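Taking numbering that gives the first Met the number 0, the leading residue of the sequence shown gets 0, the next gets one more, and so forth.
Glycine residues also receive a C-beta, built at the ideal position from the N, C-alpha and C atoms.
Quick caveat, the model's predicted, so the values are computed rather than measured.
Just below is one structure, and these are the notes that go with it.
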Amino acid sequence: MFSKLYNEAIITFNMETTSPLFIKANEDSSLDPTSADNTYLAFYKDGKQVPVIPGTSIKGVFRSNAEAYIRALGLGVCDVLNNPCGNIINKEQRQQRKKYDVVEKYARSCPICKVFGTTTMKSRANFYDAFPDGEFKIGKRTSVGIDRITGASRRGALFDFEYVEYCDFKSQIKLKNFFPWQLKLIFDLFDRVNDGLIAFGGLTSKGFGRIEVNKINLELRYYNSSKLPEGYTQKDYFICKKVEGEEVYKIFKDIRIDNNSVKRCDLENEQIL
0 MFSKLYNEAI ITFNMETTSP LFIKANEDSS LDPTSADNTY LAFYKDGKQV
50 PVIPGTSIKG VFRSNAEAYI RALGLGVCDV LNNPCGNIIN KEQRQQRKKY
100 DVVEKYARSC PICKVFGTTT MKSRANFYDA FPDGEFKIGK RTSVGIDRIT
150 GASRRGALFD FEYVEYCDFK SQIKLKNFFP WQLKLIFDLF DRVNDGLIAF
200 GGLTSKGFGR IEVNKINLEL RYYNSSKLPE GYTQKDYFIC KKVEGEEVYK
250 IFKDIRIDNN SVKRCDLENE QIL
């Protein structure tokens with residue numbers, strides 16, 4: 000079932016900051032000796048230091064919020080920290096003295112692991128680093144440490160930190176061998192980001208990390224179709240359709256995320272969006 004490529008979705012989008020963004024670098028990458036002690040995560044591109052949101056960070060935020068969202072829909076989700084699907088599946092294989100094929104592993108995984116992967120099955124979705132799409136602005140602030148017992152500021156606990164004041168980041172998510180509900184989940188999470196329910200980076204309790212997802216483009220590819228549905232173009236070995244903006248969401252208006260949809264395992268006969 001998953002040994003060949005059936006379909007692919009390529010989502011290109013921008014992440015525009017609506018509040019300051021602070022994703023702390025593990026080590027100082029700045030060449031400026033006067034830079035702040037705590038600085039934002041950056042990458043050198045064409046000789047210039049630019050801010051970046053790692054794809055792994057985007058995926059982590061999406062996965063943790065997807066868990067809460069899926070639970071709110073009444074669907075079961077594994078305990079990814081203490082008892083993830085990968086551990087459960089490995090235990091079942093040992094007890095039954097058999098090795099599951101990829102379809103059986105997929106069927107036994109929770110909705111979140113079906114999208115984001117587990118130790119026994121790779122992710123359906125690849126999240127790519129987000130880089131500036133145009134100019135950006137860096138800010139610098141002085142803050143003070145707070146005593147957790149008294150709640151007052153601590154003497155001598157002043158520190159400086161640099162952050163992204165404004166940036167319009169551009170990123171991409173690719174899903175291979177996806178089911179429609181999985182793609183809908185990504186766009187539902189986009190909505191939650193825009194509603195202010197999902198934040199990125201640190202200092203979110205201070206109002207940092209608010210993002211607006213915009214300039215959305217979706218390209219759908221199907222590699223095993225003998226039909227050419229309306230809106231699709233025939234390429235050498237696949238059919239494709241490109242959708243932009245609000246038209247993207249119209250594709251998912253009749254798609255549901257429920258027990259019936261998340262149990263589907265047959266990509267061979269899956270609908271074309």
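A residue is called buried once 16 or more other Cβ atoms fall within 10 Å of its Cβ, and residue 16 is buried on that count.
For the options 203, 178, 209 and 12, the alpha carbon positioned closest to that of residue 191 is the one of 209. Residue 105 counts as buried, since no fewer than 16 other beta carbons sit within 10 angstroms of its beta carbon.
DSSP places residue 165 within a strand segment (E or B) once states are collapsed to three.
With fewer than 16 other Cβ atoms inside 10 Å of its own Cβ, residue 206 counts as exposed. Taken through DSSP and simplified to helix, strand or coil, residue 133 comes out as strand. Contact between residue 115 and residue 124 holds, since their C-beta atoms are separated by about 6 Å, short of 8 Å. In terms of Cβ geometry, residue 217 and residue 10 form a close pair [threshold 7 Å]. DSSP places residue 106 in the helix class (H, G or I) of the three-state scheme. The stretch 166-182 makes contact with the stretch 246-258, as at least three CB pairs between them are under 8 Å.
Of the residues 81, 109 and 231, the one whose Cα lies closest to the Cα of residue 65 is 109.
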